[in-house]
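Using full-length UniProt numbering, you'd call the opening residue of the sequence shown number 1 and step up by one each time.
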Amino acid sequence: MTDLTPVALPRRPRVLALANQKGGVGKTTTAINLGTALAATGEKVLIVDLDPQGNASTGLGIDRKSRKSSTYDVLCGDVGLGQAMQETAVPGLFLAPSTLDLLGVELEIASSKDRAHRLKHAIDELMYDQRCSDLTYVLIDCPPSLSLITINAMTASDAVLVPLQCEFFALEGLSQLLKTVEQVRAGLNPRLAIQGVVLTMYDARNNLSGQVMADVREFLGDKVYETVIPRNVRISEAPSYGKPALLYDLRCSGSQAYLRLASEVIKRERALRAAA
1 MTDLTPVALP RRPRVLALAN QKGGVGKTTT AINLGTALAA TGEKVLIVDL DPQGNASTGL
61 GIDRKSRKSS TYDVLCGDVG LGQAMQETAV PGLFLAPSTL DLLGVELEIA SSKDRAHRLK
121 HAIDELMYDQ RCSDLTYVLI DCPPSLSLIT INAMTASDAV LVPLQCEFFA LEGLSQLLKT
181 VEQVRAGLNP RLAIQGVVLT MYDARNNLSG QVMADVREFL GDKVYETVIP RNVRISEAPS
241 YGKPALLYDL RCSGSQAYLR LASEVIKRER ALRAAA
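Okay, structure coming up:
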């Protein structure tokens, strides 16, 4: 007799791409500390380092010599994302590290029909990996460019989170990023949304920071998070110790801001799920 007992299918984690083609805006810092803050609330989080510089990997204390499998191997199809995944010092936070090999991945996959879907396939397969089936969030640290690697990240993601520096050229290039999101939504990933824009490196002593914040909020409205990440020396020091700021100094203003940001992200994710 055929067994008609319903089978519980694994739930896909929510996937957020942290993207901005401008460098030095706090993408990697946000990936590390938002991931840590989410893990501190009980979520199980994987950070996928897609930047060839590998700063997210270094900032989480993963030495280059210990990166036996990397996101380069994942995009080339040589290993699964679960095989590349490593534990970090933060309970509940895992990392798929990057190496400089990633610089050549676009040449490796450019002629493949699924070149824009490599990461999506890898994340979909995660759900059937026993070690990864209970992941709740995947955060993708994108390189500072709108390359095939970034397109892979957006194609694999449910939403894009944009770190935006509180400086004069903050809005320069943002329109191009938003245009790319629309193109990916139209041609590759119709579910892609803008999760939010987080203002980083805010200096309350600087009038320009306040003006930039006002301009961005006027331009993007409620897409901008209430939480603003301050310019904070403890955040800058933490990567040199291979630690997230929340482990390096939980009480500093930067760490507390990332805890508030995690709370906002969770609320927005619930709203997006409800609207889906």
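Quick reminder that beta carbons are idealized off the backbone N, C-alpha and C, glycines included.
Using the three-state DSSP reduction, which class does residue i fall into: helix, strand or coil?
i    : result
P244 : coil
D215 : helix
D222 : helix
Y258 : helix
L164 : strand
Q183 : helix
P52  : coil
L46  : strand
T200 : strand
V25  : coil
P239 : helix
T41  : coil
N33  : helix
G173 : coil
L119 : helix
S145 : coil
K113 : coil
D101 : helix
R268 : helix
Y275 : Looking at the sequence itself, residue 275 is Ala, so the reference to Tyr does not match. In the structure shown, A275 sits in a helix (DSSP, three-state: H, G or I).
N207 : helix
L178 : helix
N152 : helix
R251 : coil
L107 : helix
Taking only the alpha-carbon atoms, compute the straight-line gap between residue i and residue j and give it to the nearest angstrom.
i           : j    : result
L192        : Q256 : 29 Å
P239        : A37  : 16 Å
residue 279 : N206 : Residue 279 lies beyond the residue range present for the chain, which begins at 1 and ends at 276; the question has no answer from this structure.
M127        : A110 : 26 Å
residue 329 : L177 : Residue 329 is absent from the structure shown; the chain starts at 1 and stops at 276.
E264        : Q83  : 31 Å
D114        : R131 : 26 Å
R270        : R14  : 10 Å
D73         : A186 : 28 Å
P144        : V25  : 9 Å
S133        : R11  : 7 Å
N20         : D129 : 31 Å
S66         : S98  : 11 Å
N55         : S70  : 13 Å
N152        : N189 : 10 Å
P230        : S112 : 42 Å
T58         : E172 : 29 Å
I266        : K120 : 22 Å
R268        : Q195 : 7 Å
V45         : T150 : 20 Å
K89         : C252 : Checking the sequence shown, residue 89 turns out to be Ala, not Lys. Rounded to the nearest angstrom, the two C-alpha atoms are 19 Å apart.
D3          : T28  : Note that D3 scores 46 on pLDDT, short of 50, meaning its location in the model is unreliable and no value can be drawn from it.
L9          : A159 : Residue confidence is low: L9 scores 49 on pLDDT, short of 50, so the model does not pin down where it sits. Its coordinate-derived value is still stated next. Between L9 and A159, the C-alpha separation is close to 22 Å.
E218        : T30  : 23 Å
Buried or exposed, going by whether 16 or more other CB atoms sit within 10 Å of the CB of residue i?
i    : result
Y241 : exposed
E43  : buried
K22  : buried
S209 : buried
P91  : exposed
T41  : exposed
R118 : buried
F168 : exposed
D51  : buried
S236 : exposed
A122 : buried
K68  : exposed
According to DSSP, what are the bridge partners of residue i?
i    : result
Y128 : Note: Y128 sits in no beta bridge, so no partner.
Q86  : L95
R14  : Y137
I194 : V160
V228 : L199
Is there a Cβ of chain D sitting closer than 8 Å to that of residue i, yes or no?
i    : result
D249 : In the displayed structure, chain D is absent; only one protein chain is listed.
Which whole runs of the alpha helix (DSSP H) in the segment 57-81 are 4 residues long or more, in chain order? As far as the segment 57-81 is concerned, its whole alpha helix (DSSP H) runs of at least 4 residues are 71-75.
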